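Everything below concerns the one structure shown next.
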Amino acid sequence: MVAYRRLGSIMHEAPSLVIWLCTAKCNMACRHCYVRGRFRGPELSTEEALRMVRELPELGTVHLAITGGEPFIRPDIIDIAREAVEYGLSISFNTNGSLINDELARELRKLGARAFISLDGADREVCDAIRGPGAWQKALKALSVLRSYGVEFSIVMTITSLNYKLGRKHVLLCEAVGAWEAVFLPLIPSGLASSNYELMPSPSQVVSCLKAAEEAAEEIGYHVSVWCAPFAARALSSKRIYVAPCSEGVMDISPEGDLLLCDTLDLRAGNVKAGVARAWEEFLAFKDRLLSSRRPWAMEPCSSCPIASFCEGGCLARAYLMKGDIMAPDPLCPYVASEHR
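Offset between the sequence shown (1-based) and our numbering: plus 323.
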């Protein structure tokens with residue numbers, strides 16, 4: 324049985340994980356980017372960000388995942404990360420890798436930080452077609468530098484219509500370059516991705532990609548994680564595959580400091596500038612009002628699905644962005660798609 328677990332209903336518990344989009348700025352223009360074009364307000368200042376990370380542990384946060392945009396474009400980000408570690412938080416960075424050099428790798432090592440490098444498939448031509456010329460080579464260079472300094476890293480592949488056939492190769496590449504795991508994330512059509520809808524994979528393409536990855540993981544004894552696709556737990560059977568649930572104990576923070584229902588959605592309530600605890604309280608009240616009646620797993624085809632209590636209808640962001648209905652099940656789920664043919 325595939326390794327998956329339901330974290331339980333933790334809507335009113337502390338957010339153990341905080342995902343902070345520290346900036347909307349980026350030195351690339353990836354066609355599937357979910358951030359570009361969404362955030363135009365003033366970003367948190369250094370002092371506002373420092374105050375935020377000091378307050379997070381008081382709320383029960385243990386890990387701060389820093390992403391963007393490209394987080395290393397922000398000149399104060401290492402200082403902010405140091406403060407977070409000083410206050411007891413563990414740190415990770417989601418990055419395209421283009422700005423990683425020896426100096427930065429040394430800093431990441433000192434911080435005990437983990438890196439998630441975006442690389443959309445083990446094929447230079449395909450990757451560069453999605454992320455722009457030179458992206459492949461820059462990412463591989465970053466991986467080499469991180470490995471030389473002993474920084475733990477994973478490689479994240481966003482599954483699209485262009486690269487879905489590269490699931491197996493992605494796993495093999497990750498193992499070859501020393502990545503801790505291979506990560507797969509089916510495209511969510513937000514931001515710039517909403518203008519490049521041809522990149523949206525079909526449900527069958529997603530399953531094909533993940534099954535190829537599963538086969539490779541079994542062959543070489545390697546770890547694979549699947550993000551933002553809890554429905555995948557029904558299609559996969561290997562214990563080497565971890566399918567992440569859509570956890571409710573997560574705080575997503577925009578570059579401006581707003582709390583987001585999901586970092587791919589512009590549904591927001593509360594701002595950390597008013598204090599993290601107050602923002603979280605406002606956000607929970609907003610979330611209760613919005614989602615208290617969301618029960619897609621109580622209706623067919625979800626109600627008869629053996630993993631309904633884990634999946635809970637899949638990614639609500641895709642449902643909202645693709646169907647205009649946050650109450651609907653994930654349209655990328657192959658079992659939902661087959662029901663609506």
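For every residue, glycine included, the Cβ atom is placed at its ideal position computed from N, Cα and C. All figures in this text were calculated on a predicted structure; none of them were measured in a lab.
Notebook entry, point to check: Going by the CB atoms, is the gap between V341 and A388 shorter than 8 Å?
Noted result: As a first step, residue 388 must be located in the sequence shown, where it is residue number 65. As a first step, residue 341 must be located in the sequence shown, where it is residue number 18. It is a contact, given that the beta carbons lie within the stated cut-off.
TODO: Assuming S415 contacts F439 (C-beta within less than 8 Å), just tell me the rounded distance between them.
DONE: Counting from 1 along the sequence shown, the entry for residue 415 is found at position 92. Counting from 1 along the sequence shown, the entry for residue 439 is found at position 116. S415 to F439, Cβ: 6 Å. Contact.
Got a sec, what are the start and stop residues for the beta strand (DSSP E) T390 sits in? Numbered from 1 along the sequence shown, position 67 holds the residue referred to as residue 390. Here the beta strand (DSSP E) through T390 covers 386-390.
Tell me which residues share the same chain as G647 and place their Cβ nearer than 6 Å to its Cβ, disregarding the 5 neighbours each side in the sequence. Walking along the sequence shown from the start, residue 647 turns up at place 324. No residues qualify anywhere along the chain.
inquiry  = Just to check my reading of the structure: P394 and T418 have Cβ atoms closer than 8 Å, yes? What is that Cβ distance to the nearest angstrom?
reply    = On the sequence shown, residue 394 is found 71 positions in, with the first residue counted as 1. On the sequence shown, residue 418 is found 95 positions in, with the first residue counted as 1. In this structure P394 is in contact with T418, their Cβ atoms being roughly 6 Å apart against a cut-off of 8 Å.
*Is the number of C-beta pairs between the stretch 397-406 and the stretch 362-377 that are closer than 8 Å three or more?*
The answer is yes - the stretch 362-377 touches the stretch 397-406, with three or more Cβ pairs under 8 Å.
To the nearest angstrom, how far is the alpha carbon of A516 from that of R601?
Against the sequence shown, residue 516 aligns to sequence position 193. Against the sequence shown, residue 601 aligns to sequence position 278. Cα to Cα, the separation comes out at about 33 Å.
inquiry  = For the pair the stretch 621-632 and the stretch 647-662, tell me if three or more CB-CB distances fall below 8 Å.
reply    = In this structure the stretch 621-632 touches the stretch 647-662; the number of beta carbon pairs closer than 8 Å is three or more.
Next item on the list: Specify the secondary structure class of P624 as computed by DSSP and reduced to three states.
Entry: The residue given as residue 624 occupies position 301 in the sequence shown. Three-state DSSP puts P624 in coil, outside helix and strand.
Q) From what residue to what residue does the alpha helix (DSSP H) around R377 run? A) Here residue 377 corresponds to residue number 54 of the sequence shown, with the count starting at 1. It spans 369-382 - the alpha helix (DSSP H) in which R377 sits, taken as one unbroken run.
### Query
Less than 7 Å between the CB of R612 and some heavy atom of the ligand ADP, yes or no?
Of the ligands one can find in the structure shown there are none, so the ligand ADP has no counterpart to examine.
- Task: Report yes if the C-beta distance between E475 and R429 is below 8 Å; otherwise report no.
- Result: Position 152 of the sequence shown holds residue 475. Position 106 of the sequence shown holds residue 429. Taking 8 Å as the Cβ cut-off, E475 and R429 do not qualify as a contacting pair.
* To the nearest angstrom, how far is it from the Cα of A631 to the Cα of P568? -> Within the sequence shown, residue 631 is the residue found at index 308, counting from 1. Within the sequence shown, residue 568 is the residue found at index 245, counting from 1. A direct Cα-Cα distance of roughly 11 Å separates A631 from P568.
**Asked** Taking DSSP as the reference, what is the three-state secondary structure of P553?
**Response** Stepping through the sequence shown from its first residue, residue 553 is reached at position 230. The answer is coil: DSSP assigns P553 none of H, G, I, E or B.
Exercise. In whole angstroms, what separates the C-alpha of S332 from that of F633?
Worked result: Translated into positions along the sequence shown, residue 332 becomes position 9. Translated into positions along the sequence shown, residue 633 becomes position 310. Note on S332: pLDDT 38, under 50, position unreliable in the model; no value is reported.
Next on the checklist: Our contact map puts G392 next to A458 with C-beta atoms below 8 Å; I'd like the distance itself, whole angstroms only.
Outcome noted: Locating residue 392 in the sequence shown gives position 69, where the first residue counts as 1. Locating residue 458 in the sequence shown gives position 135, where the first residue counts as 1. With a beta-carbon spacing of about 15 Å, G392 and A458 fall beyond the 8 Å limit used to define contacts.
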